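Everything below concerns the one structure shown next.
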Amino acid sequence: MKIEQLKYIFNQFNHSTNFIGYKELASGHINDTYLIETSHKPYLILQRINHEVFKDVPGLVLNKVNISKHLLKKLEHLPEDELKRRVLTFVDTKKGDYYYIDDSGNYWNMMVYIDHSVTFETVHNEEVAYESGKLFGDFLNLTSDFDASQLTEVIPKFHDMSFRFSQFEEALKVASTERLTKAKNLIEKVQLLKDEMHIIQHLKESGKIRLRVTHNDTKISNALFDLNNKGLCVIDTDTVMPGVVHYDFGDAIRTICNTASEDEKNLELINFNMDYYKAYTKGFLEEVASALSPIEINHLPLGAKTMIFIMAIRFLTDFLNGDIYYKTAYPDHNYDRSKNQLKLVESFTEKFGEMEINDVLGAPLGIIKKEQHL
Ligand code: GN1
Ligand code: MG
């Protein structure tokens, strides 16, 4: 991206500051994100939303602006300074839209950078695991009265397991012999788990688990913390859509309880951390248990396994397709990511017996629910 182009796009938005410099924030796999250093604080974030992946960018932007508005209302009792650190603020364009389309047809949006904050790619202590549970639980709790049917489904069937399996099966038909041979072992592992990995979806389809507003990309790097490791705000709300609680509970566990990052190639370093699982689950349920039904709660551990698995099958599918979806840094990147996630599924499965919710909390859930109202 040329600096002049970025500066031009920056100036299409409604702010009263000047472009000084920029830094690319490269952790996302889909969009391009830039931190813009400005002459007056706060700094701003400029983001190109990948419209090949997100087909309805105006709908996506409306989703996240509306969710922020809802959160602002729910938290209006907070002092203004704190509110600005707890809820994402989007900046409109000089024309009054929340996105700008450049000459090449790229979509851009802008938000205010929250200063004195950090994100993590992996977790190194229980406090962060607990705080992220609280943050993601709080997000679900605060949005539990938002009518999910008002949201655009920005990627239809995003966490739908049958859809992900059908994409995988299509990829098996078109993959090169070389890639099929390399991935043989991973393909077999994925196929063996097919039935179990559909359980959450069947509960959703039968209406036994309700649809609610979910974030759908609750990896730890999408949680913002202050400099004392206290949770501030959930970021990257691009994928906010109707979903089930297991999506958010599980996708967070996927990164929080992995002793390595999702890109780690050395399988020996990848293990499931039970202490972080307990801390995260406690924080999560303290915030949201009162909005959940027993069947939702009882299936949380399976939800975690399902979400680790769904990333394994998606990375594998992209590898078989020749790396057309995720950004990759080297030829086997998606293969390595899938192998990583499948190792995590294995390590998770070995500990599955210790994950029953009441055991994890060390107290019946009723007590945790009551504590929330004290
Ligand atoms: C993608 O682009 P990013 O990093 O926010 C993906 C998520 C995956 C994640 C894995 C729209 O998110 O579903 O969990 O990579 N987002 C989309 O790191 O596919
Ligand atoms: Mg994302």
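Residue numbers for the sequence shown follow this note's numbering, beginning at 228 and rising by one. Just so it is clear, CB atoms sit at the ideal spot from N, CA and C, and this is done for glycine as well. Predicted model, so just to flag it, every value in this text is computed and none were measured.
query: Under 8 angstroms, with one C-beta from each stretch per pair, do the stretch 432-449 and the stretch 405-419 reach the 3-pair mark?; result: no
query: Should Asp490 be counted as a contact of ligand 1 given a C-beta to heavy atom distance under 6 angstroms?; result: no
query: Is His256 near ligand 1 - that is, is its Cβ less than 6 angstroms away from at least one heavy atom of it?; result: yes
query: Distance, Cα to Cα, Phe240 vs Tyr326?; result: 9 angstroms
query: Between which residues of its own chain and His474 is the CB-CB distance below 7 angstroms, once the five residues before and five after are set aside?; result: Just to set this straight, residue 474 is Tyr in the shown sequence, not His. The answer, listed in chain order, is His386, Thr441, Asn443 and Met534.
query: In whole angstroms, what separates the C-alpha of Val381 from that of Ile537?; result: 18 angstroms
query: Can you tell me whether Pro383 is buried or exposed, with buried defined as 16 or more other CB within 10 angstroms of its CB?; result: exposed
query: Just mark Gly332 as buried or exposed, buried being the case when its beta carbon has 16 or more other beta carbons within 10 Å.; result: exposed
query: Looking only at its chain, what residues have a beta carbon closer than 6 angstroms to the beta carbon of Glu598, apart from the 5 residues adjacent to it on each side?; result: Confidence in Glu598 is poor, its pLDDT being 49 and thus under 50, which makes the residue's placement unreliable; the coordinate value appears in the next sentence. Once the five neighbours on either side are set aside, Glu598 has no close Cβ partner at all.
query: Run the Cβ filter for me: residues under 5 angstroms from any heavy atom of ligand 2, listed in the order they occur in the chain.; result: Asp444 and Asp463
query: Using the beta-carbon count (16 or more within 10 Å), is Gly364 buried or exposed?; result: buried
query: Between Lys492 and the rest of its own chain, which residues show a CB-CB distance below 7 angstroms, the 5 nearest in sequence each way excluded?; result: Asp563
query: Looking at the strands, I want to know which residues DSSP matches up with Cys460.; result: Leu451
query: Given this structure, state the Cα-to-Cα distance separating His297 from Asp372, to the nearest angstrom.; result: 9 angstroms
query: With a threshold of 6 angstroms on Cβ separation, who are the neighbours of Met582 within its own chain once the five nearest residues in sequence on each side are excluded?; result: Pro528
query: Looking at C-alpha atoms only, which residue of Gly286, Phe246 and Ser403 is the closest neighbour of Asp267?; result: Asp is not the amino acid found at residue 267; the sequence shown has His there. For His267, the nearest C-alpha among the options comes from Phe246.
query: Determine the extent of the beta strand (DSSP E) in which Phe246 is found, giving its start and end residues.; result: Phe246 to Leu252
query: What did DSSP end up calling Leu271 once you bin it into helix, strand or coil?; result: strand
query: Given a cut-off of 7 angstroms on the beta-carbon distance, is the pair Tyr184 and His278 in contact?; result: The requested residue 184 is not part of the displayed model; the chain covers only 228 to 601.
query: Report all residues from its chain with a CB closer than 8 angstroms to the CB of Leu305; omit the five preceding and five following residues, and keep chain order.; result: Arg313
query: Taking all protein chains shown into account, decide if Leu271 is buried (16 or more other Cβ within 10 angstroms of its Cβ) or exposed.; result: buried
query: For Thr441, write down the residues that DSSP places opposite it in a beta bridge.; result: Met468
query: Which of the three DSSP states, helix, strand or coil, is assigned to Val339?; result: strand
query: Which runs of the alpha helix (DSSP H), 4 residues or longer, sit entirely within the stretch 496-571?; result: 501-515, 521-525 and 527-547
query: Quick one: does the C-beta of Glu307 sit closer than 6 angstroms to a heavy atom of ligand 4?; result: Absent from the structure shown: ligand 4. Ligands present: ligand 1 and ligand 2.
query: With H, G and I counted as helix, E and B as strand and the rest as coil, what does DSSP make of Leu262?; result: strand
query: Using CA atoms only, rank isn't needed, just tell me which of Ile294, Ile236, Glu251 and Thr316 is closest to Lys322.; result: Ile236
query: Could you check how far apart the C-beta atoms of His242 and Val318 are, in whole angstroms? I think they sit under 8 angstroms.; result: 6 angstroms
query: Considering only residues of the same chain and omitting the five flanking positions on each side of Phe476, which have a CB-CB separation below 7 angstroms?; result: Phe511, Leu527, Gly530 and Ala531
query: Can you tell me which of the three DSSP states Asn293 falls into?; result: helix
query: Quick one: what does DSSP say Asn412 is sitting in, helix, strand or coil?; result: helix
query: Who are Phe317's beta bridge partners in DSSP?; result: Met338
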